[in-house]
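Notes follow once the structure below has been shown.
In the working numbering, the protein residues as written are 68 to 469.
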(Lines of atoms letter the chains of each structure in order from A; the text may use other names.)
(Lines give C-alpha, C1' and ligand atoms only; values in the text may rest on other atoms or scores of the structure.)
Protein backbone atom coordinates (compact mmCIF):
# COMPACT_ATOMS: atom_id res chain seq x y z
CA UNK A 68 0.00 0.00 0.00
CA UNK A 69 1.20 3.46 -0.74
CA UNK A 70 2.29 5.41 2.26
CA UNK A 71 0.55 8.48 0.89
CA UNK A 72 -3.06 8.72 2.00
CA UNK A 73 -5.78 9.80 -0.34
CA UNK A 74 -7.55 13.14 -0.01
CA UNK A 75 -7.98 13.99 3.68
CA UNK A 76 -9.78 17.31 3.51
CA UNK A 77 -12.13 17.98 6.40
CA UNK A 78 -15.33 17.75 4.31
CA UNK A 79 -14.33 14.34 2.97
CA UNK A 80 -13.31 12.87 6.32
CA UNK A 81 -16.32 14.22 8.19
CA UNK A 82 -18.73 13.11 5.46
CA UNK A 83 -17.38 9.60 6.03
CA UNK A 84 -17.60 10.00 9.81
CA UNK A 85 -21.18 11.18 9.43
CA UNK A 86 -21.96 7.71 8.07
CA UNK A 87 -20.48 6.20 11.25
CA UNK A 88 -22.55 8.52 13.43
CA UNK A 89 -25.82 7.94 11.57
CA UNK A 90 -25.32 4.17 11.34
CA UNK A 91 -24.82 3.80 15.08
CA UNK A 92 -27.51 6.36 15.93
CA UNK A 93 -29.92 4.16 13.98
CA UNK A 94 -28.75 1.12 15.94
CA UNK A 95 -29.08 2.74 19.35
CA UNK A 96 -32.37 4.46 18.53
CA UNK A 97 -33.86 1.00 18.02
CA UNK A 98 -32.78 -0.32 21.42
CA UNK A 99 -35.49 1.19 23.67
CA UNK A 100 -38.44 0.73 21.30
CA UNK A 101 -38.10 -2.30 19.04
CA UNK A 102 -39.39 -4.87 21.53
CA UNK A 103 -42.36 -2.71 22.51
CA UNK A 104 -43.09 -2.01 18.83
CA UNK A 105 -43.12 -5.74 18.16
CA UNK A 106 -45.49 -6.25 21.10
CA UNK A 107 -47.79 -3.50 19.80
CA UNK A 108 -48.14 -5.54 16.59
CA UNK A 109 -49.17 -8.61 18.59
CA UNK A 110 -45.83 -10.42 18.88
CA UNK A 111 -45.43 -13.02 21.62
CA UNK A 112 -42.46 -12.82 23.98
CA UNK A 113 -40.62 -15.47 21.94
CA UNK A 114 -41.40 -13.77 18.64
CA UNK A 115 -40.40 -10.42 20.10
CA UNK A 116 -37.04 -11.83 21.16
CA UNK A 117 -36.50 -13.23 17.66
CA UNK A 118 -37.40 -9.88 16.10
CA UNK A 119 -34.88 -8.12 18.34
CA UNK A 120 -32.09 -10.65 17.80
CA UNK A 121 -32.48 -11.33 14.10
CA UNK A 122 -31.10 -7.89 13.26
CA UNK A 123 -27.69 -8.78 14.71
CA UNK A 124 -27.63 -12.12 12.92
CA UNK A 125 -28.41 -10.61 9.51
CA UNK A 126 -26.08 -7.69 10.21
CA UNK A 127 -23.24 -10.17 10.70
CA UNK A 128 -23.78 -11.61 7.21
CA UNK A 129 -24.17 -8.09 5.85
CA UNK A 130 -20.79 -7.14 7.32
CA UNK A 131 -19.03 -10.07 5.64
CA UNK A 132 -20.79 -9.61 2.30
CA UNK A 133 -20.14 -5.88 2.29
CA UNK A 134 -16.49 -6.42 3.17
CA UNK A 135 -15.99 -8.65 0.15
CA UNK A 136 -17.82 -6.23 -2.16
CA UNK A 137 -15.83 -3.27 -0.85
CA UNK A 138 -12.73 -4.87 -2.39
CA UNK A 139 -14.45 -5.59 -5.69
CA UNK A 140 -16.62 -2.60 -6.58
CA UNK A 141 -16.43 1.17 -6.15
CA UNK A 142 -16.49 1.79 -2.41
CA UNK A 143 -18.17 5.17 -2.50
CA UNK A 144 -21.23 4.05 -4.40
CA UNK A 145 -21.56 0.83 -2.41
CA UNK A 146 -21.81 2.91 0.78
CA UNK A 147 -24.30 5.29 -0.87
CA UNK A 148 -26.39 2.29 -1.94
CA UNK A 149 -26.27 0.97 1.63
CA UNK A 150 -27.43 4.32 3.03
CA UNK A 151 -30.29 4.66 0.54
CA UNK A 152 -31.44 1.06 1.02
CA UNK A 153 -31.33 1.37 4.80
CA UNK A 154 -33.28 4.64 4.61
CA UNK A 155 -35.99 3.02 2.47
CA UNK A 156 -36.27 0.11 4.90
CA UNK A 157 -36.57 2.49 7.87
CA UNK A 158 -39.43 4.32 6.17
CA UNK A 159 -41.10 0.92 5.64
CA UNK A 160 -41.33 0.25 9.40
CA UNK A 161 -44.46 2.39 9.57
CA UNK A 162 -46.13 0.21 6.93
CA UNK A 163 -45.86 -3.21 8.61
CA UNK A 164 -48.90 -4.52 10.46
CA UNK A 165 -47.89 -7.98 11.69
CA UNK A 166 -44.97 -9.63 13.54
CA UNK A 167 -43.91 -11.76 10.52
CA UNK A 168 -43.68 -8.65 8.36
CA UNK A 169 -41.62 -6.90 11.03
CA UNK A 170 -39.35 -9.95 11.30
CA UNK A 171 -38.72 -9.92 7.54
CA UNK A 172 -38.04 -6.19 7.61
CA UNK A 173 -35.55 -6.62 10.45
CA UNK A 174 -33.65 -9.22 8.41
CA UNK A 175 -33.38 -6.84 5.46
CA UNK A 176 -32.55 -3.86 7.68
CA UNK A 177 -29.72 -5.66 9.47
CA UNK A 178 -28.25 -6.92 6.21
CA UNK A 179 -28.37 -3.54 4.45
CA UNK A 180 -26.97 -1.67 7.46
CA UNK A 181 -24.09 -4.16 7.49
CA UNK A 182 -22.57 -2.16 4.62
CA UNK A 183 -22.18 1.06 6.58
CA UNK A 184 -19.61 0.51 9.33
CA UNK A 185 -17.17 -1.60 7.26
CA UNK A 186 -17.52 0.82 4.35
CA UNK A 187 -16.96 3.95 6.42
CA UNK A 188 -14.01 2.57 8.39
CA UNK A 189 -12.39 1.15 5.25
CA UNK A 190 -12.61 4.50 3.49
CA UNK A 191 -11.32 6.33 6.56
CA UNK A 192 -8.33 4.01 6.63
CA UNK A 193 -7.72 4.65 2.92
CA UNK A 194 -7.52 8.38 3.61
CA UNK A 195 -5.40 8.30 6.76
CA UNK A 196 -1.61 8.43 6.97
CA UNK A 197 0.05 5.34 8.43
CA UNK A 198 1.06 7.15 11.60
CA UNK A 199 -2.44 8.55 12.23
CA UNK A 200 -4.62 5.42 12.16
CA UNK A 201 -5.17 5.09 15.91
CA UNK A 202 -6.09 8.75 16.38
CA UNK A 203 -8.43 8.69 13.37
CA UNK A 204 -10.16 5.52 14.57
CA UNK A 205 -10.39 7.01 18.06
CA UNK A 206 -12.27 10.07 16.84
CA UNK A 207 -14.66 7.86 14.88
CA UNK A 208 -15.08 5.57 17.87
CA UNK A 209 -15.95 8.59 20.00
CA UNK A 210 -18.89 9.20 17.66
CA UNK A 211 -20.05 5.63 18.31
CA UNK A 212 -19.92 6.18 22.07
CA UNK A 213 -21.72 9.48 21.69
CA UNK A 214 -24.47 7.84 19.65
CA UNK A 215 -24.88 5.24 22.41
CA UNK A 216 -25.78 8.09 24.77
CA UNK A 217 -27.83 10.25 22.40
CA UNK A 218 -29.60 7.51 20.40
CA UNK A 219 -31.81 6.02 23.14
CA UNK A 220 -32.62 9.46 24.58
CA UNK A 221 -33.57 10.79 21.14
CA UNK A 222 -35.67 7.72 20.38
CA UNK A 223 -37.62 7.83 23.64
CA UNK A 224 -38.03 11.60 23.40
CA UNK A 225 -39.50 11.43 19.88
CA UNK A 226 -41.82 8.56 20.78
CA UNK A 227 -43.11 10.29 23.91
CA UNK A 228 -43.56 13.61 22.10
CA UNK A 229 -45.61 12.10 19.28
CA UNK A 230 -47.35 9.41 21.33
CA UNK A 231 -49.20 6.23 20.39
CA UNK A 232 -48.31 4.04 17.44
CA UNK A 233 -47.39 7.16 15.48
CA UNK A 234 -44.54 7.65 17.94
CA UNK A 235 -42.86 4.46 16.71
CA UNK A 236 -43.24 5.56 13.08
CA UNK A 237 -41.78 8.97 13.92
CA UNK A 238 -38.64 7.38 15.36
CA UNK A 239 -38.02 5.24 12.28
CA UNK A 240 -38.83 8.14 9.95
CA UNK A 241 -36.33 10.35 11.77
CA UNK A 242 -33.63 7.71 11.46
CA UNK A 243 -34.43 7.20 7.78
CA UNK A 244 -34.24 10.94 7.13
CA UNK A 245 -30.81 11.08 8.78
CA UNK A 246 -29.72 8.24 6.49
CA UNK A 247 -30.87 10.19 3.43
CA UNK A 248 -29.08 13.35 4.52
CA UNK A 249 -25.92 11.34 5.17
CA UNK A 250 -26.18 9.76 1.71
CA UNK A 251 -26.40 13.20 0.10
CA UNK A 252 -23.41 14.55 2.06
CA UNK A 253 -21.40 11.42 1.29
CA UNK A 254 -22.22 11.54 -2.43
CA UNK A 255 -21.36 15.25 -2.67
CA UNK A 256 -18.18 15.48 -0.61
CA UNK A 257 -16.45 12.10 -1.00
CA UNK A 258 -14.58 11.82 -4.31
CA UNK A 259 -15.22 8.85 -6.56
CA UNK A 260 -11.60 8.53 -7.69
CA UNK A 261 -9.73 5.81 -5.87
CA UNK A 262 -6.03 4.95 -5.91
CA UNK A 263 -4.83 2.04 -7.99
CA UNK A 264 -4.14 0.04 -4.84
CA UNK A 265 -7.70 0.46 -3.61
CA UNK A 266 -9.37 0.04 -6.98
CA UNK A 267 -7.55 -3.18 -7.73
CA UNK A 268 -9.85 -6.18 -7.31
CA UNK A 269 -8.77 -8.58 -4.61
CA UNK A 270 -8.62 -12.25 -5.51
CA UNK A 271 -10.33 -14.97 -3.48
CA UNK A 272 -6.93 -16.27 -2.37
CA UNK A 273 -5.99 -12.85 -1.04
CA UNK A 274 -9.29 -12.54 0.84
CA UNK A 275 -8.96 -15.96 2.46
CA UNK A 276 -5.35 -15.20 3.39
CA UNK A 277 -6.67 -12.69 5.93
CA UNK A 278 -7.85 -15.47 8.22
CA UNK A 279 -4.36 -17.00 8.06
CA UNK A 280 -2.74 -13.76 9.24
CA UNK A 281 -2.16 -14.44 12.94
CA UNK A 282 -1.93 -10.74 13.74
CA UNK A 283 -5.42 -10.18 12.32
CA UNK A 284 -6.75 -13.36 13.93
CA UNK A 285 -5.67 -12.03 17.33
CA UNK A 286 -7.37 -8.72 16.57
CA UNK A 287 -10.58 -10.53 15.64
CA UNK A 288 -10.46 -12.66 18.80
CA UNK A 289 -9.89 -9.55 20.90
CA UNK A 290 -12.87 -7.72 19.38
CA UNK A 291 -14.98 -10.84 19.89
CA UNK A 292 -14.05 -10.95 23.59
CA UNK A 293 -14.61 -7.21 24.01
CA UNK A 294 -18.04 -7.20 22.39
CA UNK A 295 -19.04 -10.41 24.18
CA UNK A 296 -18.52 -8.48 27.42
CA UNK A 297 -20.55 -5.56 26.06
CA UNK A 298 -23.45 -7.77 24.97
CA UNK A 299 -23.30 -9.63 28.27
CA UNK A 300 -23.54 -6.39 30.25
CA UNK A 301 -26.24 -4.85 28.04
CA UNK A 302 -28.57 -7.76 28.73
CA UNK A 303 -27.60 -8.87 32.24
CA UNK A 304 -26.68 -5.69 34.11
CA UNK A 305 -30.22 -4.20 34.10
CA UNK A 306 -31.68 -7.53 35.25
CA UNK A 307 -29.08 -7.91 37.99
CA UNK A 308 -29.57 -4.38 39.28
CA UNK A 309 -33.31 -4.96 39.34
CA UNK A 310 -32.79 -8.20 41.27
CA UNK A 311 -30.91 -6.34 44.02
CA UNK A 312 -33.58 -3.66 44.28
CA UNK A 313 -31.94 -0.82 42.35
CA UNK A 314 -34.05 1.88 40.71
CA UNK A 315 -34.70 1.26 36.97
CA UNK A 316 -32.84 4.43 35.99
CA UNK A 317 -29.61 3.13 37.55
CA UNK A 318 -28.80 0.83 34.64
CA UNK A 319 -29.27 3.71 32.20
CA UNK A 320 -26.95 5.89 34.27
CA UNK A 321 -24.39 3.07 34.42
CA UNK A 322 -24.33 2.64 30.63
CA UNK A 323 -24.14 6.41 30.16
CA UNK A 324 -21.07 6.39 32.42
CA UNK A 325 -19.50 3.69 30.24
CA UNK A 326 -20.29 5.52 26.99
CA UNK A 327 -19.08 8.92 28.17
CA UNK A 328 -15.84 7.48 29.55
CA UNK A 329 -15.19 5.66 26.29
CA UNK A 330 -15.92 8.77 24.26
CA UNK A 331 -13.57 10.88 26.40
CA UNK A 332 -10.70 8.41 26.04
CA UNK A 333 -11.15 7.91 22.30
CA UNK A 334 -11.16 11.66 21.65
CA UNK A 335 -8.20 12.32 23.96
CA UNK A 336 -4.45 12.66 23.25
CA UNK A 337 -4.00 9.13 24.62
CA UNK A 338 -4.68 7.86 21.10
CA UNK A 339 -1.66 9.76 19.82
CA UNK A 340 0.41 8.17 22.59
CA UNK A 341 -0.79 4.72 21.50
CA UNK A 342 0.20 5.56 17.93
CA UNK A 343 3.66 6.67 19.02
CA UNK A 344 4.40 3.62 21.19
CA UNK A 345 2.64 0.34 20.58
CA UNK A 346 -0.96 -0.49 19.82
CA UNK A 347 -0.34 -3.86 21.44
CA UNK A 348 0.24 -2.17 24.79
CA UNK A 349 -2.96 -0.15 24.45
CA UNK A 350 -4.89 -3.32 23.60
CA UNK A 351 -3.41 -5.22 26.54
CA UNK A 352 -4.05 -2.33 28.94
CA UNK A 353 -7.60 -1.92 27.67
CA UNK A 354 -8.39 -5.63 27.97
CA UNK A 355 -6.97 -5.61 31.50
CA UNK A 356 -9.31 -2.76 32.44
CA UNK A 357 -12.29 -4.57 30.90
CA UNK A 358 -11.43 -7.60 33.01
CA UNK A 359 -10.94 -5.52 36.16
CA UNK A 360 -14.34 -3.92 35.59
CA UNK A 361 -16.11 -7.27 35.48
CA UNK A 362 -14.11 -8.61 38.41
CA UNK A 363 -15.12 -5.54 40.42
CA UNK A 364 -18.76 -6.43 39.83
CA UNK A 365 -18.16 -10.14 40.47
CA UNK A 366 -16.36 -9.54 43.78
CA UNK A 367 -18.91 -7.05 45.09
CA UNK A 368 -21.38 -8.13 47.73
CA UNK A 369 -25.06 -7.73 46.90
CA UNK A 370 -25.29 -4.70 49.18
CA UNK A 371 -22.34 -3.01 47.44
CA UNK A 372 -23.30 -3.84 43.86
CA UNK A 373 -25.35 -0.68 43.41
CA UNK A 374 -22.33 1.34 44.57
CA UNK A 375 -19.59 -0.51 42.68
CA UNK A 376 -21.45 -0.48 39.37
CA UNK A 377 -20.49 3.13 38.59
CA UNK A 378 -16.71 2.88 39.11
CA UNK A 379 -16.83 -0.50 37.36
CA UNK A 380 -18.57 0.95 34.30
CA UNK A 381 -16.20 3.94 34.33
CA UNK A 382 -13.24 1.54 34.17
CA UNK A 383 -15.03 -0.48 31.47
CA UNK A 384 -15.46 2.68 29.40
CA UNK A 385 -11.79 3.60 29.74
CA UNK A 386 -10.82 0.07 28.69
CA UNK A 387 -13.12 0.19 25.68
CA UNK A 388 -11.72 3.60 24.77
CA UNK A 389 -8.22 2.14 24.66
CA UNK A 390 -9.03 -1.14 22.92
CA UNK A 391 -11.42 -0.16 20.12
CA UNK A 392 -9.26 2.45 18.31
CA UNK A 393 -6.13 0.31 18.52
CA UNK A 394 -7.93 -2.77 17.20
CA UNK A 395 -9.46 -0.78 14.33
CA UNK A 396 -6.11 0.83 13.54
CA UNK A 397 -4.43 -2.58 13.57
CA UNK A 398 -6.80 -3.80 10.86
CA UNK A 399 -6.04 -0.71 8.77
CA UNK A 400 -2.28 -1.02 9.26
CA UNK A 401 -2.12 -4.74 8.51
CA UNK A 402 -4.02 -4.68 5.22
CA UNK A 403 -3.37 -3.23 1.80
CA UNK A 404 -6.13 -1.32 0.03
CA UNK A 405 -7.26 -4.29 -2.05
CA UNK A 406 -8.02 -6.42 1.03
CA UNK A 407 -9.00 -3.78 3.55
CA UNK A 408 -12.74 -3.94 2.89
CA UNK A 409 -12.85 -7.67 3.59
CA UNK A 410 -10.72 -7.21 6.69
CA UNK A 411 -13.08 -4.60 8.13
CA UNK A 412 -16.07 -6.70 7.11
CA UNK A 413 -14.74 -9.58 9.22
CA UNK A 414 -13.92 -7.14 12.04
CA UNK A 415 -17.50 -5.91 12.26
CA UNK A 416 -18.88 -9.42 11.81
CA UNK A 417 -16.91 -10.38 14.94
CA UNK A 418 -18.28 -7.25 16.62
CA UNK A 419 -21.87 -8.30 15.86
CA UNK A 420 -21.20 -11.93 16.79
CA UNK A 421 -19.68 -10.97 20.14
CA UNK A 422 -22.64 -8.80 21.13
CA UNK A 423 -25.07 -11.51 20.01
CA UNK A 424 -23.28 -14.29 21.92
CA UNK A 425 -22.85 -12.17 25.04
CA UNK A 426 -26.50 -11.17 25.15
CA UNK A 427 -27.68 -14.72 24.37
CA UNK A 428 -25.52 -16.46 26.97
CA UNK A 429 -26.25 -13.88 29.65
CA UNK A 430 -29.95 -14.47 29.08
CA UNK A 431 -29.77 -17.99 30.50
CA UNK A 432 -27.42 -17.24 33.41
CA UNK A 433 -30.12 -16.21 35.93
CA UNK A 434 -32.00 -19.47 35.28
CA UNK A 435 -29.16 -21.41 36.91
CA UNK A 436 -29.62 -19.59 40.20
CA UNK A 437 -26.19 -17.94 40.04
CA UNK A 438 -25.77 -15.10 42.54
CA UNK A 439 -26.16 -11.52 41.36
CA UNK A 440 -22.45 -10.64 41.56
CA UNK A 441 -21.14 -14.07 40.53
CA UNK A 442 -22.79 -13.67 37.13
CA UNK A 443 -19.94 -11.38 36.02
CA UNK A 444 -17.15 -13.95 36.32
CA UNK A 445 -17.87 -15.29 32.81
CA UNK A 446 -16.87 -12.16 30.83
CA UNK A 447 -13.98 -11.54 33.23
CA UNK A 448 -12.62 -15.03 32.51
CA UNK A 449 -12.99 -14.66 28.75
CA UNK A 450 -11.22 -11.31 28.78
CA UNK A 451 -8.43 -12.76 30.93
CA UNK A 452 -7.87 -15.45 28.31
CA UNK A 453 -7.73 -12.81 25.59
CA UNK A 454 -5.32 -10.75 27.69
CA UNK A 455 -2.97 -13.74 27.87
CA UNK A 456 -3.17 -14.00 24.09
CA UNK A 457 -2.65 -10.27 23.66
CA UNK A 458 0.66 -10.24 25.53
CA UNK A 459 2.06 -12.06 22.52
CA UNK A 460 1.30 -9.04 20.36
CA UNK A 461 4.60 -7.43 19.55
CA UNK A 462 3.64 -4.39 17.58
CA UNK A 463 0.49 -4.29 15.51
CA UNK A 464 1.71 -1.52 13.26
CA UNK A 465 1.89 -2.34 9.57
CA UNK A 466 5.08 -3.94 8.45
CA UNK A 467 5.92 -5.77 11.67
CA UNK A 468 5.71 -9.51 12.03
CA UNK A 469 2.68 -10.92 13.88
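We put the beta carbon where it would ideally sit given N, CA and C, even for glycine.
Can the beta-carbon of residue i be found closer than 9 Å to that of residue j?
i           : j           : result
residue 425 : residue 297 : yes
residue 218 : residue 383 : no
residue 200 : residue 365 : no
residue 86  : residue 249 : yes
residue 166 : residue 215 : no
residue 161 : residue 235 : yes
residue 299 : residue 445 : yes
residue 292 : residue 354 : yes
residue 259 : residue 77  : no
residue 369 : residue 431 : no
residue 93  : residue 152 : no
residue 333 : residue 436 : no
residue 377 : residue 321 : yes
residue 308 : residue 244 : no
Mind reading off the beta-carbon distance from residue i to residue j? Whole number of angstroms is fine, and I expect it under 8 Å.
i           : j           : result
residue 240 : residue 158 : 6 Å
residue 350 : residue 390 : 6 Å
residue 123 : residue 177 : 7 Å
residue 283 : residue 398 : 7 Å
residue 129 : residue 192 : With a Cβ gap of about 19 Å, residue 129 and residue 192 do not count as contacting.
residue 131 : residue 403 : With 8 Å as the limit, residue 131 and residue 403 do not qualify as a contact, their Cβ atoms being about 19 Å apart.
residue 208 : residue 392 : 5 Å
residue 182 : residue 146 : 6 Å
residue 175 : residue 117 : So it is not a contact: roughly 15 Å between Cβ atoms.
residue 328 : residue 247 : Incorrect: roughly 32 Å between the Cβ atoms, too far for contact.
Going by CA-CA distance only, name the one from the options that's closest to residue i.
i           : options            : result
residue 91  : 231, 114, 150      : 150
residue 237 : 224, 247, 248      : 224
residue 418 : 385, 152, 89, 184  : 184
residue 375 : 317, 414, 411      : 317
residue 324 : 162, 144, 255, 379 : 379
residue 326 : 111, 126, 212, 89  : 212
residue 319 : 302, 242, 243      : 302
residue 232 : 289, 164, 259      : 164
residue 347 : 394, 114, 372, 373 : 394
residue 338 : 203, 197, 108      : 203
residue 289 : 245, 195, 387      : 387
residue 97  : 455, 291, 377, 242 : 242
residue 198 : 227, 400, 372, 373 : 400
residue 405 : 142, 107, 108      : 142
residue 295 : 78, 428, 173       : 428
residue 126 : 422, 258, 259, 441 : 422
residue 220 : 455, 88, 99        : 99
residue 285 : 371, 329, 254, 455 : 455
residue 173 : 229, 304, 101      : 101
residue 148 : 106, 315, 251, 438 : 251
residue 89  : 253, 367, 227      : 253
residue 367 : 407, 438, 315, 356 : 438
residue 441 : 315, 304, 356, 352 : 304
residue 407 : 443, 352, 133      : 133
residue 168 : 226, 315, 229, 105 : 105
residue 420 : 121, 113, 107, 108 : 121
Quick check: is the beta carbon of residue i nearer than 9 Å to any beta carbon in chain C?
i           : result
residue 206 : Note that chain C does not occur in the displayed structure, where there is just one protein chain.
**OP:** Entirely within the segment 178-245 and at least 4 residues each: give me those alpha helix (DSSP H) ranges in chain order.
**Re:** Entirely contained in the segment 178-245, the alpha helix (DSSP H) runs reaching 4 residues are, in chain order, 183-193, 200-229.
Subject >> Start-end ranges of the alpha helix (DSSP H) lying completely within the segment 368-442, minimum 4 residues >> reply: Taking only runs of at least 4 residues, the alpha helix (DSSP H) segments lying wholly in the segment 368-442 are 369-400, 404-431.
Original post:
Are at least three pairs of beta-carbons, each pair with one atom in the segment 435-453 and one in the segment 360-374, less than 8 Å apart?
Top reply: Yes, they touch.
Original post:
Does the pairing of the segment 184-198 with the segment 402-412 give three or more beta-carbon distances under 8 Å?
Top reply: Yes: the two stretches touch, three or more of their Cβ pairs being nearer than 8 Å.
Original post:
Is it a yes or a no for the segment 79-86 touching the segment 126-144, going by three-plus beta-carbon pairs under 8 Å?
Top reply: Result no; under three Cβ-Cβ pairs closer than 8 Å.
**OP:** Ignoring anything shorter than 4 residues or poking outside the segment 88-156, list the alpha helix (DSSP H) runs there in chain order.
**Re:** For the segment 88-156, the continuous alpha helix (DSSP H) assignments of 4+ residues that do not extend past its boundaries occur at 101-107, 112-137, in sequence order.
Original post:
Which runs of the alpha helix (DSSP H) fall wholly inside the segment 273-346 and span at least 4 residues, in chain order?
Top reply: The qualifying runs are 281-310, 316-333, 337-343.
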